[in-house]
Each structure stands twice: as structure tokens, then as C-alpha cells.
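Have a look at the structure below before the remarks.
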């Protein structure tokens with residue numbers, strides 16, 4: 001038995017000695033093979049792909065950034081600068097791709113060691129954002145907040161957005177107390193944080209001292225994203241007498257107007273770009289803004305800007321050359337102010353809302369001057385309002401009678417050789433007698449020239465009755481064709497009355513048409529008669545200027561314009577080559593003959609140079625060269641939007657249209673003094689006389 005055990009023991013021991021080393025060797029071999037494979041793989045990656053991975057670590061993304069260029073200038077017809085750019089130094093900040101709030105906090109606190117800013121428009125939220133951006137401040141606040149600020153009713157953690165909102169709420173609840181320097185930092189923090197990635201914003205661009213520039217320049221390495229640049233603002237070397245028609249440009253803070261945001265973003269604009277927001281600045285935005293510069297920016301893996309290369313330096317905005325002579329414009333504005341001041345001194349501007357004048361070249365449509373005064377009847381304060389020429393409407397009165405006579409000739413109810421009519425007042429049931437300013441019976445009959453000379457309302461109403469195929473019986477209801485309003489207005493429209501002129505300034509309005517039927521559906525026959533002599537529909541003054549120009553130039557309705565040409569800007573800022581020149585644009589040719597036009601021209605000449613007590617525009621008769629004109633007086637009512645009245649005060653609107661020289665017109669004008677309490681003073685005529693005198697002197701006409 002013992003021998004058997006020895007044999008078993010001997011065999012077991014032998015197997016143990018041979019088996020255990022084999023297993024260990026196998027294990028070691030496997031480990032060795034795996035380790036060798038790992039080393040081989042690492043060597044393979046290092047040798048074959050090492051450069052690639054190293055490049056990936058140092059990888060940069062290339063992004064194209066755009067930059068603004070100087071906005072184009074605006075010059076008058078003689079090359080004088082009307083609108084330019086005043087450039088000044090600025091401190092800017094370009095936001096990198098993934099800069100954190102704490103990074104901005106650090107930059108802000110460093111920057112305010114060297115500059116000071118005026119904190120403005122800071123809300124409680126803005127201040128809280130600045131406070132929470134301090135390193136570790138957010139974590140501290142979260143620990144201090146009530147549990148309900150961090151988890152919901154089920155005990156689940158709130159979202160990061162909700163937690164941060166509660167952080168702000170908690171900080172505001174604890175009370176925010178910032179000193180002046182912290183307020184400045186909070187203001188800068190707001191500006192920098194709200195910037196879009198890789199966009200540039202202005203941190204300070206006004207009242208920047210040389211010391212501030214020097215100190216910031218010395219410490220730019222510790223102020224990532226901050227640099228020294230420049231900014232601009234519009235200035236007006238010749239004054240602001242036509243600033244309202246030039247329009248305005250948005251600030252960087254205002255950026256693109258909301259109603260044009262999508263369109264302009266699609267066109268390559270940035271949200272904070274400064275753009276034209278009204279009138280010429282808006283109408284010619286694509287020209288004035290130029291073409292943005294392009295810079296290729298290399299952004300590292302840490303989202304910091306590593307390098308930038310200029311791809312395209314941009315094209316400065318184009319320049320506008322206007323048709324307006326700034327010296328003549330100033331004289332027109334001064335003359336208007338002088339006459340309006342005289343009306344104020346006479347005590348007849350109690351309800352007046354201003355006065356307006358526009359002069360244009362009837363041969364081309366070029367605007368020569370455009371001036372306006374807006375008066376606030378409540379305060380008596382006046383302001384420059386040249387834009388009122390295109391966006392305010394007035395009932396102009398007898399100044400439109402030239403269109404009435406020519407419309408009747410086109411309709412065939414009178415002709416150049418047969419146009420005499422009885423001048424008897426018209427009596428309608430239930431209304432005051434309809435007659436002219438002069439006493440009834442002054443004239444037994446008048447022809448078209450005399451009717452314009454003496455401004456006969458009766459003559460014009462008789463024309464309307466004929467055009468309406470009306471049978472007039474005194475004190476009886478008049479039956480008219482239902483299309484009488486359309487007919488009269490259709491003729492007026494051909495001259496530009498009641499329709500937009502197409503002037504190249506945004507914001508033009510059309511005239512206002514009165515109702516054609518009563519509430520019971522019956523035709524307003526009395527109003528149709530009022531329309532015939534200009535006492536019903538309302539027109540803009542630019543429409544009146546287009547109308548009188550159409551008569552002066554032989555029947556061509558021309559599109560008014562204020563931009564004569566567009567010109568490039570050279571690299572040195574001087575004017576370059578012309579890119580476009582405005583040519584006269586004929587909108588329509590009125591269907592009248594020269595003989596018919598001459599009847600009206602002679603009537604307007606007679607209104608200035610004719611004899612007789614009731615001749616209407618004799619204050620212009622001494623002008624040389626001679627002019628033609630038509631005055632207008634309309635009954636109007638003062639409407640106070642702040643205190644509407646069912647019985648508004650009655651007022652008088654006086655107007656005038658004119659052209660000269662009579663034989664070869666190169667200037668036509670329209671003037672209106674609305675809502676005066678008296679028609680005495682002849683202010684439109686006195687104003688026109690001064691304008692003609694100045695214009696003839698400046699152009700050397702005798």
C-alpha cells in the first residue's frame with residue numbers, strides 16, 4: 001500500500017512540476033504577444049499617422065469674416081459736401097467662438113483699468129449676469145439657493161437653463177449693489193456677451209482719450225479679442241436744411257430694422273450693421289453702403305483666433321450727387337422762414353401746421369430745392385420739414401384750375417377757339433350759393449384765359465356740369481353722370497394730381513380722394529363741383545410741382561428726382577468714375593394739343609400781368625424774365641388729433657403754382673401755406689417772388 005502511495009505521489013509531483021510552468025509560460029506568451037501587438041500598433045500610428053494626429057491637435061478652422069467700409073458721401077449739384085463721415089478712434093472687441101462668461105468677466109475687469117465708459121440701459125438681469133460670471137460665483141449661488149430652486153417637485157434636477165434663471169432670481173432677491181466701476185464693467189460685459197461669434201462690436205467710440213488708447217494698446221496681449229479700430233458717424237457740413245429728405249442711418253445698437261431683417265441678412269448684412277433707415281439713405285442703401293471687406297480668420301482647436309488674412313479690402317460706398325444746389329436751397333429755406341415768420345407776426349398761424357415749397361426743372365424733373373416748416377399749433381414750435389413736400393397732403397384750391405380747363409378741352413366741351421361761358425352763380429337746394437370770390441355779377445361771361453386770370457370758380461363748375469352731361473336748373477337737384485368723379489380725376493391724374501409722382505425718395509404718399517356718394521348712395525353732385533375748382537381732393541406739394549411742370553414743358557409728365565448721378569469712391573476717399581447718370585423719365589404724355597396748352601399758359605400769364613382789380617397774382621409782375629402763375633385758396637378746417645372736435649375751426653389754405661421764364665421755362669415751383677386764419681398777406685406770392693429773384697441772380701438770367 002505504501003508503495004502504491006509512493007508511486008501516486010511520485011507521479012503527481014512529476015505532473016505538477018511539468019504542468020504548472022507550461023501554463024505560466026503560455027500566459028506569459030499571450031501577454032507578450034498582446035504587448036508586442038500594442039507596441040507595434042503604437043509604432044505604426046506614430047510613424048504612419050503621427051503627423052496627421054499632431055496636425056489635428058493643432059488644427060485650425062478657416063472662417064471668413066466681413067467688415068464694414070466707409071459709407072458713401074452725398075454732394076450737392078455743385079460738388080459741395082452735404083453729408084460726410086466723421087471718423088474717430090474706437091476700442092473694439094471681436095468675440096471668439098467659445099469664449100466663456102468668466103473669460104469675458106476677466107477681460108472686462110482688466111479693460112476697465114484703462115478706460116471708463118458711461119453705463120447705460122442696464123437692467124437688473126444685466127447686472128445679475130455680470131455678477132454670476134465671476135469665477136466660481138455661480139457655484140456659490142447654487143449652493144446657497146433653496147432646494148426648490150434646484151430640483152422640481154419630484155426631486156428631479158432642473159435643467160441648466162432653469163437653474164440659471166433661478167440663480168438670477170436669487171441674486172436679484174438678495175439685492176444688487178454695484179459701485180460706479182462695477183456698473184461700467186457690467187455695461188461692457190453686456191456688450192461683449194451679446195456679440196455674435198466672430199463679430200466685432202464697439203466698446204467705446206466716443207470721447208476716447210489719447211491716454212486710454214495708449215494704455216489699451218500696451219496691454220492688448222492680456223485683452224484677447226480687444227483691439228484699436230475706428231468708427232464713423234454722419235455729419236452735415238452745409239447744415240441740415242434738407243436733412244429730412246436725406247434721411248438717417250441706424251446706430252450699431254439699432255442695427256437692421258426688424259421689418260427688413262430677413263431680407264438684409266440674406267443679402268449679406270449682419271444684425272448690428274448700420275444701415276439707411278429712411279428716405280435717400282434708405283432708397284440708396286445698396287449704393288451708399290459699399291461692399292464689405294472679407295478677412296479669412298484661422299480659429300484654433302481652442303476656438304481662439306490664431307491668424308487673419310485679408311482676402312478683399314472691400315469697396316467704399318458710392319457717392320450721390322444731388323440735383324440740389326445747397327446755396328440755393330439755403331436761400332429758399334431762409335425765404336420760407338421769413339414769410340412764415342411774417343404770417344406769425346400777423347397773428348394768423350394759430351392753427352397753422354407749417355408751410356412748404358418745392359422748385360424743380362420742368363424740362364428734366366430735377367429737384368432744384370425743397371424746403372418745409374412744420375409748426376405745432378399747441379406749442380408754437382417750428383422745425384425743418386422738407387419731407388412734408390412729399391408726404392403731406394392739402395386741399396390746394398384754385399391752383400389746380402389749369403388741369404380743370406385742359407381736362408375740359410380733352411373732353412371736348414370747350415376748345416381753344418370756343419370757350420366763353422356765362423359767369424352766373426350756381427344755386428343748389430340746401431347749400432349756400434356756389435360762386436367765385438368776387439361779387440356775383442362782376443362778369444357776365446368769361447373765356448378760359450380770363451377765368452384763370454380772375455380765378456373763376458363758376459367757370460370751372462360749368463365745365464364740370466358739361467362733362468357730366470348735367471341739366472342745371474337753379475335751386476333744383478342736378479342729375480350728373482355717375483362717372484363724373486372718375487372723369488375729372490382721370491384728367492387730373494394725367495398731370496400728376498392724385499397719383500404718386502415716382503420721386504426717388506422713399507416715403508412718398510399719394511393724394512387723398514373725397515367720397516363720391518352720400519351714405520344713402522346718392523352721388524355727391526355738390527362735391528363734384530367743388531372738385532372742379534380744387535376745393536375737395538387733397539394733393540401733395542410734389543404732385544402740384546409735377547402738374548405745373550407738365551403744363552410748362554408742353555404736356556410731358558416727368559418723374560421728379562433728387563439724385564443726379566452716382567459716383568465711385570477712390571481708395572484715397574476722393575470721387576471716382578461715374579457709374580450712373582439720371583436721365584429725364586417721361587411717365588406719360590398728356591393728350592392735349594399745343595393750342596390747348598397755350599390757352600392755359602396765357603391764362604396763367606394773365607394772372608400775373610393782366611389788368612383788372614380781380615387779377616390774382618400781380619405781385620409777381622415785376623419779375624424779369626416774366627413768369628406765369630396760378631394762385632389758390634381753399635376752405636379748410638383745423639383738426640386737433642389730441643382733442644377732436646365736432647365743430648372744428650374753419651381755416652384758409654393758400655397756395656401757388658408757377659413757372660418761369662415764361663418763354664422758356666427752366667424752373668417751376670409749388671407753394672402752400674395751410675390752415676391760416678386769414679387769406680390776407682399773399683405769402684405764397686411774396687415767397688415765390690424772392691425765390692425767382694434769387695434763382696435768376698444765381699443763374700445769370702435777365
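Residue numbers (UniProt numbering): 1 to 702.
The beta carbon of each residue, even a glycine, is placed where N, CA and C say it ideally should be.
Could you tell me which residues DSSP pairs with residue i in its beta bridges?
i	result
residue 233	86
residue 651	636
residue 242	DSSP output for residue 242 lists no bridge partner at all.
residue 114	According to DSSP, residue 114 bridges with nothing at all.
residue 557	588
residue 421	446
residue 384	373
residue 356	372 and 672
residue 228	91
residue 711	Since the displayed the chain opens at 1 and closes at 702, residue 711 lies outside it and no answer follows.
residue 276	249
residue 657	630 and 670
residue 157	151
residue 538	512
Could you give the first and the last residue of the continuous alpha helix (DSSP H) run that contains residue i?
i	result
residue 262	261 to 266
residue 200	From DSSP, residue 200 is part of no alpha helix (DSSP H) but of the beta strand (DSSP E) over 200 to 204.
residue 599	594 to 609
residue 529	525 to 532
residue 124	124 to 132
residue 691	683 to 699
residue 490	484 to 495
residue 185	180 to 193
residue 463	457 to 467
residue 409	401 to 411
residue 340	326 to 345
residue 350	Run containing residue 350: none; DSSP gives neither H nor E here.
Exposed or buried, what is residue i when buried is set at 16 or more other beta-carbons lying within 10 Å of its beta-carbon?
i	result
residue 695	buried
residue 7	Here the model assigns residue 7 a pLDDT of 48, short of 50, so the residue's position is not dependable, and the following value carries that caveat. Exposed, because fewer than 16 other Cβ atoms sit within 10 Å of the Cβ of residue 7.
residue 475	exposed
residue 126	buried
residue 58	Only weak support is given to the placement of residue 58: the predicted model assigns it a pLDDT of 49, under 50, and the value that follows is read from those uncertain coordinates. By the 10 Å Cβ count, residue 58 comes out exposed.
residue 371	buried
residue 32	exposed
residue 280	buried
residue 283	buried
residue 144	exposed
residue 180	exposed
residue 698	exposed
residue 222	exposed
residue 684	buried
Just to confirm, are residue i and residue j a CB contact at a threshold of 8 Å?
i	j	result
residue 244	residue 423	no
residue 651	residue 72	no
residue 138	residue 167	yes
residue 230	residue 89	yes
residue 458	residue 429	no
residue 639	residue 625	no
residue 377	residue 411	no
residue 589	residue 402	no
residue 527	residue 461	no
residue 115	residue 204	yes
residue 104	residue 124	no
residue 632	residue 656	yes
residue 390	residue 216	no
residue 493	residue 635	no
residue 506	residue 278	yes
residue 547	residue 497	yes
residue 660	residue 627	yes
residue 449	residue 606	yes
residue 228	residue 242	no
Between which two residues does the beta strand (DSSP E) holding residue i run?
i	result
residue 369	367 to 375
residue 581	575 to 581
residue 569	563 to 569
To the nearest whole angstrom, what separates the beta carbons of residue i and residue j, a pair I think is in contact under 8 Å?
i	j	result
residue 188	residue 122	That belief does not hold up - the Cβ atoms of residue 188 and residue 122 are roughly 11 Å apart, past 8 Å.
residue 82	residue 250	20 Å between Cβ atoms; not a contact.
residue 653	residue 397	6 Å
residue 600	residue 452	7 Å
residue 463	residue 408	4 Å
residue 594	residue 362	That pair is no contact at about 15 Å.
residue 486	residue 468	About 11 Å separates the two Cβ atoms, so there is no contact after all.
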